[in-house]
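**Student:** Letter 165 of the sequence shown, counting from 1, is numbered 165 in my numbering, and no numbers are missing.
We put the CB at the ideal spot given by N, CA and C, even for glycine.
The structure under discussion is supplied below as structure tokens; questions concerning it will follow.
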Amino acid sequence: MVQKPARRAGGADDDSGPRPRGRPRAYDPAAALAAATAAFWRAGYAATSLDALSEATGMNRPSLYGAFGDKRDLYLAALQRYVDEARAAMDAALAAPRPLREGLKRVFDLALKLYYPADESPRGCLLVGTAATEAVQDEGIRDVLGRGLRNFDQAFEQRLKRAVAEGELPADADPAQLARLASAVLHSVALRSRAGDRRSELAATAAAGIALICRAPR
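Have a look at this one:
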């Protein structure tokens with residue numbers, strides 16, 4: 001009579017150890033969201049079909065629904081991903097010890113690089129270029145758009161407050177209004193890039209905005 005090997009702790013009869021329950025995910029959530037973001041960025045929310053999202057992510061519709069919810073849920077996740085990454089890039093560009101003028105220039109240089117991808121047509125800003133039209137009818141999209149724009153204002157304002165405290169700007173400069181001015185220039189550059197303006201023209205617009213902010217007339 002052959003004696004059965006003793007059971008290991010946990011009840012397994014072989015050397016493989018406990019087996020995970022269910023099927024492992026066959027996709028990378030971060031990569032899938034990045035691919036979906038690119039699809040929405042190219043065509044906008046309304047014109048991006050579920051078939052296009054399936055093709056971009058390599059996931060069929062049931063898998064997309066299971067991972068992200070419906071098309072709107074996926075779009076909202078893409079917008080939030082964009083806002084979070086843009087804010088992190090702004091904070092890094094504006095961080096000490098980089099002077100104010102140099103930090104602002106770096107923000108606009110990064111934005112122009114994003115708006116004018118090397119291998120695609122100019123695409124502008126995902127948030128301004130695609131969410132503004134949907135926000136009129138959709139409160140959830142309007143909320144993400146509004147919070148995203150205020151988030152960018154805050155990044156500028158924090159740096160401008162430090163500029164006042166450290167003497168880079170006059171003591172009576174208004175960081176909140178200057179931050180809105182910086183954001184307004186950024187929005188204009190984003191919109192005009194999508195409309196077909198040349199990158200060199202928009203770089204000049206950004207430089208003029210930076211000069212105005214850094215002079216901060218009393």
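#1: How many Å lie between P24 and A52 at the Cα?
#2: To the nearest angstrom, how far is the alpha carbon of Q137 from that of D70?
#3: Go through its chain and collect everything with a Cβ distance to A203's Cβ below 7 Å, but skip five positions before and after it.
#4: Going by the beta-carbon positions, is the gap between A173 and F156 smaller than 8 Å?
#5: Does DSSP put D51 in a helix, a strand or coil?
#6: In the DSSP assignment, find the unbroken alpha helix (DSSP H) run with N151 in it and report its ends.
#7: Would you call the stretch 205 to 212 and the stretch 179 to 194 in contact, with 3 or more CB pairs under 8 Å?
#8: With three or more beta-carbon pairs closer than 8 Å as the criterion, would you say the stretch 151 to 166 touches the stretch 76 to 91?
#9: For M59, which of A47, A46 and L74 has the nearest alpha-carbon?
#10: So is D15 buried or exposed if we call it buried at 16+ other beta carbons inside 10 Å?
#11: Within its chain, find whatever has a CB closer than 6 Å to the CB of Y45; leave out the 5 residues flanking it on each side and keep chain order.
#12: From L127 to Y115, what distance separates their C-alpha atoms?
#13: Nearest-angstrom Cα distance between L110 and A38?
#14: Do R159 and L79 count as a contact pair if the criterion is CB distance below 8 Å?
#15: Does DSSP put V107 in a helix, in a strand, or in coil?
#16: Distance check for A93 and E168, CA to CA, integer angstroms please.
#17: Please report how far the alpha carbon of Y65 lies from the alpha carbon of S54, in whole angstroms.
#18: Within 10 Å of its beta-carbon, does P170 have 16 or more other beta-carbons around it, so buried, or fewer, so exposed?
**Tutor:** In this structure, then:
#1: Because P24 sits at a pLDDT of 41, beneath the cut-off of 50, its placement in the model cannot be relied upon, and the following sentence gives the value as read from the coordinates. Their Cα atoms are separated by approximately 25 Å.
#2: Rounded to the nearest angstrom, the gap between the Cα atoms of Q137 and D70 is 17 Å.
#3: Around A203: L112.
#4: One thing to note: A173 has its Cβ no nearer than 8 Å to the Cβ of F156.
#5: Three-state result, D51: helix.
#6: From DSSP, the alpha helix (DSSP H) with N151 extends over E139 to A165.
#7: Proximity of the stretch 205 to 212 to the stretch 179 to 194 meets the contact definition, three or more beta-carbon pairs being nearer than 8 Å.
#8: The answer is yes - the stretch 76 to 91 touches the stretch 151 to 166, with three or more Cβ pairs under 8 Å.
#9: Closest by alpha carbon: L74.
#10: Only weak support is given to the placement of D15: the predicted model assigns it a pLDDT of 43, under 50, and the question is left unresolved by the model.
#11: Within its own chain, the residues whose Cβ lies closer than 6 Å to the Cβ of Y45, once the five positions on either side in sequence are excluded, are Y75, T130 and E134, listed in chain order.
#12: CA-CA distance, L127 to Y115, rounds to 12 Å.
#13: When rounded, the separation of the alpha-carbon atoms in L110 and A38 is 17 Å.
#14: With respect to R159, L79 sits apart: the two C-beta atoms are not nearer than 8 Å.
#15: Looking at V107 - three-state DSSP - the assignment turns out to be helix.
#16: In this structure, the straight-line span from the alpha carbon of E168 to that of A93 is close to 17 Å.
#17: If you take the alpha carbons of Y65 and S54, they lie about 10 Å apart.
#18: P170 comes out exposed.
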